[in-house]
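Novice: Residue numbers (this note's numbering), protein chains in the order written: chain A, 15 to 612; chain B, 18 to 490. By construction, the Cβ of each residue, glycine as well, lies at the ideal position given by its N, Cα and C atoms. Quick caveat, the model's predicted, so the values are computed rather than measured.
1) Between residue 407/B and the rest of its own chain, which residues show a CB-CB distance below 8 Å, the 5 nearest in sequence each way excluded?
2) For chain B, find out if any of its Cβ atoms is closer than 8 Å to the Cβ of residue 415/A; answer yes or no.
3) What are the residues in the stretch 264-297 of chain B lying within 8 Å of chain A by C-beta distance?
4) For residue 151/A, count neighbouring C-beta atoms within 10 Å of its own C-beta (all shown protein chains included) and say buried if the count is 16 or more, exposed if not.
5) Can you name, in chain order, every residue of its own chain whose Cβ lies under 7 Å from the Cβ of residue 376/B, other than the five neighbours on each side?
6) So residue 251/B packs on residue 605/A, CB below 8 Å; how close in whole Å?
7) Starting from residue 353/A, trace the alpha helix (DSSP H) in both directions and tell me its first and last residue.
8) Strictly below 9 Å CB to CB, what residues from chain B border residue 224/A?
9) Closest to residue 478/B by CA distance: which of 153/B, 69/B and 180/B is it?
10) At a cut of 8 Å, does the stretch 591-604 of chain A reach the stretch 538-549 of chain A through at least three beta carbon pairs?
11) Applying a beta-carbon distance threshold of less than 8 Å, which residues of chain A neighbour residue 239/B?
12) Using the beta-carbon count (16 or more within 10 Å), is residue 163/A buried or exposed?
13) Applying the criterion that 16 or more other CB atoms from any shown protein chain within 10 Å of the CB defines a buried residue, is residue 315/A buried or exposed?
14) From residue 179/A to residue 210/A, what distance separates their C-alpha atoms?
15) To the nearest angstrom, report how far apart residue 597/A and residue 231/A are at their CA atoms.
16) List the whole-angstrom C-beta distance separating residue 99/B from residue 200/B, where the pair is believed to meet the contact cut-off of C-beta under 8 Å.
17) From the beta carbon of residue 449/A, is the nearest beta carbon of chain B less than 8 Å away?
18) In angstroms with no decimal places, state the Cα-to-Cα distance between residue 335/B and residue 137/B.
19) How is residue 548/A classed by DSSP in three states: helix, strand or coil?
20) Please report whether the beta-carbon of residue 508/A lies at a distance below 8 Å from any beta-carbon of chain B.
21) Which of the three DSSP states is assigned to residue 9/B in this structure?
22) Which residue marks the beginning of the alpha helix (DSSP H) containing residue 397/A, and which one marks its end?
23) For residue 136/A and residue 73/B, I'd like the C-alpha separation in whole angstroms.
24) Kindly indicate which three-state DSSP category residue 323/A falls into: helix, strand or coil?
25) Between which two residues does the beta strand (DSSP E) carrying residue 434/B extend?
26) Taking residue 397/B as the reference, which of 191/B, 117/B, 488/B and 343/B has the closest Cα?
27) Of all the residues that make up the stretch 417-429 of chain A, which are near chain B by a beta-carbon distance shorter than 7 Å?
28) Does DSSP put residue 463/B in a helix, a strand or coil?
29) Report, in whole angstroms, the separation of the C-beta atoms of residue 411/A and residue 120/A, which I expect to be a contact under 8 Å.
30) Taking buried to mean at least 16 other C-beta atoms within 10 Å of its own C-beta, is residue 114/A buried or exposed?
31) Hey, out of 218/B, 232/B and 130/B, whose CA is closest to residue 186/B's CA?
32) So, does the CB of residue 6/B fall closer than 8 Å to a CB anywhere in chain A?
33) So with Cβ pairs under 8 Å, would you call residue 186/B a contact of chain A?
34) Determine, using beta carbons only, whether residue 593/A comes closer than 8 Å to chain B.
35) Could you spell out where the alpha helix (DSSP H) holding residue 598/A opens and where it closes?
36) For residue 612/A, count neighbouring Cβ atoms within 10 angstroms of its own Cβ and tell me buried if that reaches 16, exposed if not.
Below, the structure is given as structure tokens:
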């Protein structure tokens, strides 16, 4: 018998509504080693020094350094920096390549800095009102405030999804939710970075993704040391990954056969005891003697595909997980591990590799991170309040050294879309980084899977089908990745630009096409202005000011106001009304490069 | 069968062995002369097609149920077709017989247009039963992530998607056309970002990734619809932003300004009614290249895959060399017994619809699109059941054995028939254990062959893998 999909989904919707016992909260879905750590208080108070350093003036020098080589910080320079009273580790490290050698950072406008912080930390462009209300009491307090917001956690979770390529086709969705929970703990300060790495090193999100032990070892090195292993390192470390097997677990409630990680029993003799001859094959010796052998017990079962006994990783005990996490603990003993940790944060905020040019920044940050007990938030705080980050990307600097002017980055797809929607009040469905292939859940036919989807950031339409308007747009722009292969991309191309303009057109509806359900005109006009009011230069300036503040997060300058008045004059000659001015103006602003770069 | 830690399963043919020995001897004798020649790096079919449709049967496809089906029950519980076209030497599975889209009065228009069950034209398809990611590896790569990376780029961690290589390979052709004022569309990936990766020299050749089913969102030129007073505003705003920035940071904005300008050139193509292949009741009846959009909808269906396939054929009209699209979802860890036949039904319609459309369509350079288009089906790996007909959930998995290992890939198009390879099997397996008894091809060789047939420059690409000469032997 064939049941129509529409009827089937309707029944599922009904069942999901009637059976609250099947409701899946993330904490119920998440299963794995991430739940076994970070269940106490934060490791630090989350209050860090150096957020509001008084920046020194450039030291008077005979001649400025030549950009063809790194600046040479002589004894006077070192003394100058030591006496500068800088607390921020980035500023301390930067001093010997900036103020100490006679260079200056670029001052920044409040709006530019606040906008940058919002995009990097909360994933959206703020309106000017919100920015002015949030970015107060100094940058240290502002950054702390932003870091304590749930949106900050979500942005870090999405970054982790990009980094570890969450895909429910590749890895159990329970493991993905667990990893997501672990990332939240990391950014709430409950898990130090070395423990995070240890847990990740044996997490099914990593081990189930790579088929070969050597590939698992390579992935670990790449993630946490920023380089692939040398051949001898790969060979040695892969012995600690030989136990992992990629199998399947039939989930009793979700109705899904989940791809999941299993443990093999290697280096044993025929009686199930450790085999003295082969036990070396299950031991890493390059970083001390680390043996990893498990013996089967009641939890083990025979895998028909592998034709040997295995154990589902969901049955592992905390002490067993701890043993399996040896690779991560090995790497965290290496200074390169901590250097990689701080470099990643620097690149995240600056968009370029400052450490490669100014290694003192890396040294200071590593020391800072260790002083703060591995709380990665301390590094985010230090970088986001540093002079390297909070300096303008506009205007000319006296030097071509990259750290003498501010960062400029391209927004990712979600930032671009979410900001548009939020600023204009346009309703859009979403995309959930934990469920990169929602169709799998929808097609499983189980109430539990359907409920899980309902409670995710994906949205279902009235028929119970996925609303893919958001994901279609985001994926064309490089976001909302499926992560089976590849992942997020950021590119400016003809197709992406055309797609962006087309979306902005739909949003602003500059032709006032009655068939287009764009943003409400009330949002695009200053409060109290009727859409039918006749436009004159004054009103044009008011509308433009309102939109600059709402859509670009800043007040227009004199040139921009004059341009708006000129446009208003021209518009008035056609007897245009406020809406007829506001909608094309919205298109001009939202379609501008200023919305693409920050 | 091989296992994760077992020995290699590669069987080198006598011919390949002798070739290798000969080459090795020559290399030892004349090390300074050991330079692979360009002629050797191309096939006689170099440049024999203008277009490629590369279809991925998504999620890992159990090839033994359709394209390598003359095997034991544990590999193909659905059976071998006894209706396959005469002259078919490869193992066409019974699932290829499914054609519900031809049944009944409602589907008469399809029959009238000439659509046939796939088993009616299996003798036009050439199958490579044993395509392997890494023929010298001890085990198959049945990982969704890494298997797909190999499928899309040729390697685990490969940085350049296949379609990027296509665009790179035909760059001279595009440049020459541009010098004549003709804009040729690049290769398009329909919804698969992994096909569009590329850095360094390849970065500028990344193909557009098109989500959804078409260009409907480009129905009007946004900039040209603005009122006169607003037309200059976007340009002025971008110019001011550009001027404000530090000089070293202006590159990205300049690219944005350039692409915005170029958007109106490409926009003319994007807005061409010919690309409006979706939308109930809106498809045009106008015949272009010998077929209407309405007929394409009839042949290829109105679901997302059908619309993307129709769009692919229309993109070819504008010079697009290749389109990649995903079909179905074959990751049937459970209920494969019930669901695979229906999914194959849809795949069969796609293949049959493409064949019918291509044979009907007239190519601007003369002949039909069928003569100038290669259609290839693949998937990231095969599937295994560990010795049973199905796994414990009536599905199949993917691991490290031969059933996972062999990607049995069919090739279709006029060029295959012209080469005398219609219905042929380039390779073979032992039906009881799937061990290769004939030629094994590396997957990168397959990719390189497609580049070669497209006439793309593939010098330096997959240097250890040669395009497959056997298609033209």
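Specialist: Put simply:
1) Here residue 407/B refers to the residue found at position 390 of the second chain. For residue 407/B, same chain residues with a beta-carbon under 8 Å away, outside a window of 5 residues either side, are 94, 353, 354 and 413 in chain order.
2) Sequence index remark: in the first chain, residue 415/A carries index 401 (1-based). For residue 415/A, the nearest beta carbon of chain B is not closer than 8 Å to its own beta carbon.
3) So the list reads 264, 265, 266, 269, 270, 272, 273, 274, 276, 277, 279, 280, 283, 284 and 287, given in the order they occur along the chain.
4) Against the first chain, residue 151/A aligns to sequence position 137. It is exposed - the Cβ of residue 151/A has fewer than 16 other Cβ atoms within 10 Å.
5) In the second chain, the residue the question calls residue 376/B occupies position 359. Residues 385 and 387 of the same chain have their beta carbon placed closer than 7 Å to that of residue 376/B, with the five preceding and five following residues left out of the count.
6) Start at 1 with the first residue of the second chain, and residue 251/B comes out as number 234. Start at 1 with the first residue of the first chain, and residue 605/A comes out as number 591. Contact between residue 251/B and residue 605/A is confirmed by a C-beta separation of about 6 Å, below the 8 Å threshold.
7) For the purposes of this step, residue 353/A is taken as residue 339 along the first chain, with counting starting at 1. Here the alpha helix (DSSP H) through residue 353/A covers 349-364.
8) Start at 1 with the first residue of the first chain, and residue 224/A comes out as number 210. The answer, in chain order, is 160, 162, 163 and 173.
9) Position 461 of the second chain holds residue 478/B. Looking at 153/B, 69/B and 180/B, the one whose alpha-carbon comes closest to that of residue 478/B is 180/B.
10) Touching, per the Cβ criterion.
11) Counted from its first residue, the second chain places residue 239/B at position 222. Those are 515, 516, 518, 519, 524, 601 and 605, listed as they occur along chain A.
12) To locate residue 163/A, count along the first chain from 1; it is residue 149. Exposed: under 16 other Cβ atoms inside 10 Å.
13) Position 301 of the first chain holds residue 315/A. Residue 315/A comes out exposed.
14) For the purposes of this step, residue 179/A is taken as residue 165 along the first chain, with counting starting at 1. For the purposes of this step, residue 210/A is taken as residue 196 along the first chain, with counting starting at 1. Computed Cα separation, rounded: 17 Å.
15) Against the first chain, residue 597/A aligns to sequence position 583. Against the first chain, residue 231/A aligns to sequence position 217. About 54 Å.
16) Your numbering for residue 99/B matches position 82 in the second chain. Your numbering for residue 200/B matches position 183 in the second chain. With a Cβ gap of about 50 Å, residue 99/B and residue 200/B do not count as contacting.
17) Within the first chain, numbered from 1, the residue matching residue 449/A stands at position 435. No - not a single Cβ of chain B is within 8 Å of the one on residue 449/A.
18) Locating residue 335/B in the second chain gives position 318, where the first residue counts as 1. Locating residue 137/B in the second chain gives position 120, where the first residue counts as 1. Answer to the nearest angstrom: the Cα atoms are 31 Å apart.
19) Taking the first chain and counting its residues from 1, one reaches residue 548/A at position 534. In the structure shown, residue 548/A sits in a strand (DSSP, three-state: E or B).
20) Within the first chain, numbered from 1, the residue matching residue 508/A stands at position 494. Yes, contact with chain B.
21) The requested residue 9/B is not part of the displayed model; chain B covers only 18 to 490.
22) Within the first chain, the letter at position 383 stands for residue 397/A. Counted as a single uninterrupted DSSP element, the alpha helix (DSSP H) harbouring residue 397/A occupies residues 390-398.
23) Looking up residue 136/A in the first chain gives position 122. Looking up residue 73/B in the second chain gives position 56. C-alpha separation (whole angstroms): 37 Å.
24) For the purposes of this step, residue 323/A is identified with residue 309 of the first chain, where counting begins at 1. It is a strand residue.
25) Residue mapping note: residue 434/B aligns to position 417 of the second chain, counting from 1. Per DSSP, residue 434/B belongs to no beta strand (DSSP E); it is in the alpha helix (DSSP H), 431-435.
26) Translated into the one-based positions of the second chain, residue 397/B becomes position 380. Nearest in C-alpha terms to residue 397/B, of all of 191/B, 117/B, 488/B and 343/B, is 343/B.
27) Answer set for the stretch 417-429 of chain A: 419, 422 and 424.
28) Residue mapping note: residue 463/B aligns to position 446 of the second chain, counting from 1. Residue 463/B sits in a helix when the DSSP states are folded into three classes.
29) Locating residue 411/A in the first chain gives position 397, counting from the first residue. Locating residue 120/A in the first chain gives position 106, counting from the first residue. Right, the Cβ-Cβ distance comes to about 6 Å (below 8 Å), so this counts as a contact.
30) Walking along the first chain from the start, residue 114/A turns up at place 100. Residue 114/A is buried by the Cβ-count criterion.
31) As a working note, residue 186/B is residue 169 in the second chain. Among 218/B, 232/B and 130/B, the Cα nearest to that of residue 186/B belongs to 218/B.
32) The shown model of chain B, from 18 to 490, leaves out residue 6/B, and the question about it has no answer.
33) Your numbering for residue 186/B matches position 169 in the second chain. Taking Cβ atoms only, chain A never reaches closer than 8 Å to residue 186/B, which makes this a no.
34) Here residue 593/A refers to the residue found at position 579 of the first chain. No, residue 593/A lies away from the interface with chain B (no Cβ there is under 8 Å from its Cβ).
35) Reading the first chain from its first residue, position 584 is the one you call residue 598/A. Going by DSSP, residue 598/A is part of the alpha helix (DSSP H) stretching over 592-604.
36) What you label residue 612/A is simply residue 598 of the first chain in a count that begins at 1. Buried: at least 16 other Cβ atoms inside 10 Å.
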